[in-house]
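Residue numbering for the sequence shown is 14 to 329, as defined by this note's numbering.
Glycine included, each C-beta is placed from N, C-alpha and C at the ideal position.
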Amino acid sequence: MNKEELKEIVQLSINENAGIEIFLGLKNGEIRKANFIDEVQKEIKKVFIDDIEKRIIESEYPIMCLSSSDERKDIIYHFDYTSLPDDLKFFDTVLDPMIDIKTFSFVDDKLSNIDFFLFLIGDETNQILLYKQLASINIYKKNTGIFVRKADNEFARVNDDFLRIVPGFEMFKINEELYILDLKFLERKFKIYDVIRSAAVKEIEKINEYGIVQNAESLNNLLKDTSFARKLSKISEHSPVLGKVSNNAIISFTKNYPSLKNTFKYTDDDSQIILTTQKSMMTFIKLLNDDFLSSELTRNYYDSIAKDVLKEDTIS
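1) Taking contact to mean 3 or more Cβ pairs, one atom from each stretch, closer than 8 Å, check whether the segment 26-45 and the segment 193-212 are in contact.
2) Flag this pair as touching only if the segment 240-247 and the segment 271-281 have three or more C-beta atom pairs under 8 Å; answer yes or no.
3) Kindly indicate which residue of Ile-62, Lys-20, Ile-35, Val-23 has the alpha-carbon position closest to the one of Ile-50.
4) Quick check on the DSSP output: what are the complete alpha helix (DSSP H) runs of length 4 or more inside the segment 205-265, in order along the chain?
5) So, using beta-carbon positions, are Ile-287 and Lys-244 closer together than 7 Å?
6) Between Ile-88 and the rest of its own chain, which residues show a CB-CB distance below 8 Å, the 5 nearest in sequence each way excluded?
7) Mind checking whether Lys-145 and Phe-130 have CB atoms under 7 Å apart?
8) On a Cα-Cα basis, can you pick out the residue from Pro-98, Ala-229, Leu-301, Lys-292 that is closest to Ala-262?
9) When the Cα atoms are used, what is the spatial distance from Ser-259 to His-251?
10) Beta-carbon within less than 8 Å of Lys-40's beta-carbon, same chain only, minus the 5 sequence neighbours each way: which residues are those?
11) Do Glu-216 and Ser-249 count as a contact pair if the criterion is CB distance below 7 Å?
12) Thr-116 bridges to which residues according to DSSP?
13) When the distance is taken between beta carbons, is Phe-132 closer than 7 Å to Phe-61?
14) So is Ser-293 buried or exposed if we call it buried at 16+ other beta carbons inside 10 Å?
15) What is the rounded straight-line gap between the Cα of Gln-140 and the Cα of Ile-187?
16) Under 7 Å Cβ to Cβ from Tyr-90, same chain only, skipping five residues before and after it: list those, please.
17) Taking the beta carbon of Phe-168 as the centre, do at least 16 other beta carbons fall within 10 Å, making it buried, or is it exposed?
18) Using three-state DSSP, classify Ile-127 as helix, strand or coil.
19) CB-CB under 6 Å to Leu-19, same chain, minus the five flanking residues each way: which ones, in chain order?
20) Rounded to a whole number of angstroms, what is the C-alpha to C-alpha distance between Phe-182 and Ile-57?
21) Please classify Gly-224 as buried or exposed, where buried requires at least 16 other C-beta atoms within 10 Å of its C-beta.
22) Rounded to whole angstroms, what is the Cα-Cα separation between Asp-121 and Leu-37?
23) If you drop the 5 nearest sequence neighbours on each side, which residues of the same chain put their C-beta closer than 7 Å to that of Ser-26?
24) Is it buried or exposed, Ser-308, if we count other Cβ atoms within 10 angstroms and call 16 or more buried?
25) Identify whether Ile-134 lies in helix, strand or coil by the three-state DSSP scheme.
26) Please classify Phe-119 as buried or exposed, where buried requires at least 16 other C-beta atoms within 10 Å of its C-beta.
27) On the CB-based measure, 16 or more other CB atoms within 10 Å of its CB, does Ala-148 come out buried or exposed?
28) Using DSSP with H/G/I as helix, E/B as strand and the rest coil, what is Ser-308?
29) Hey, could you find the ends of the alpha helix (DSSP H) Gln-24 is sitting in?
30) Helix, strand or coil: which one does DSSP assign to Ile-159?
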């Protein structure tokens, strides 16, 4: 799905007839439905619809597959792996109409146990589900100070814990697809690495099958690096090189491209690359991503992250 298509389906979910349901994720992994006074619920809906418009519809952030992410900022990442980590399954829980979710109880549950919000906005046909992490600074506990409020012309003490809800969300799910706005948060909080590593291991097996590297298994040594594992996790799908350019052509390129000379070792017959250092492994993945470019105008050589393909009619 491209950005324009995403904007269209998001717009359908925040139409003038859209409603909102609010859920709370507890620190023990359980989900609760939250009851808000109608007036407050409407205010929350407006705040987050405005935020959706700002961050998705009006922004110029492009969409990129998570498996091919390249550390650029201001990107909407599409979660393109086959399965969600177990600790992200709450999206499916909320969206499944057959699951009965308990209502948050101020008797049995505590505000201090709330970990995040889920805002389900839309109608019966079109819905968007937002994930909003509850920051600790937005939880006010009555035993951490004296909180006061207006009471006629005096100040009165607030005797209960309370929360502050502010705009912003880290992820959203729409049309059964998950999108991430804060990648570092996702990798820090959830077990996304397990999914990425599993996919990366399979990719190493595929690289081995192509025969371009004599010791492809050595790539396993860098899988603890999440960024490296992510780049490797779908290399056979996204690479414009692997399986599309002959091994001989790849090896010839590495021997002649200025910044790649002396980076790799080779078998005696020059038919395979031998990865002997961490640098050579990192460079090999960049090679498969076709990150090494040259300018037709200046004849300079570049190590490029962004390789957005330009059509002829976009060049003027």
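On the basis of the supplied data:
1) no
2) no
3) Across the set Ile-62, Lys-20, Ile-35, Val-23, the C-alpha of Ile-35 shows the shortest separation from the C-alpha of Ile-50.
4) 205-223, 239-245, 248-251
5) no
6) Excluding residues up to 5 positions away in sequence, Tyr-74, Pro-75, Ile-76, Met-77, Ser-82, Leu-196 lie with their Cβ nearer than 8 Å to the Cβ of Ile-88 in the same chain.
7) Contact: yes.
8) Leu-301
9) Rounded to the nearest angstrom, the two C-alpha atoms are 16 Å apart.
10) Taking Lys-40 as the centre and dropping the five residues before and after it, the same chain places the C-beta of Asn-126, Ile-127, Asp-128 closer than 8 Å to its C-beta, in chain order.
11) yes
12) In the DSSP secondary-structure assignment, Thr-116 is bridged to Lys-46.
13) yes
14) buried
15) 6 Å
16) Met-77, Leu-79, Ser-82, Tyr-192, Ile-193, Leu-196
17) exposed
18) In this structure, Ile-127 counts as strand in the three-state DSSP scheme.
19) none
20) 13 Å
21) exposed
22) 14 Å
23) Ile-134, Gly-135, Asn-139, Gln-140, Ile-141, Ile-187
24) With a pLDDT of only 45 at Ser-308, under the threshold of 50, the placement of this residue in the model should not be trusted, and no figure is reported.
25) strand
26) exposed
27) exposed
28) Low confidence applies to Ser-308: its pLDDT is 45, below 50, so where it sits in the model is not reliable enough to give any reading.
29) 16-26
30) coil
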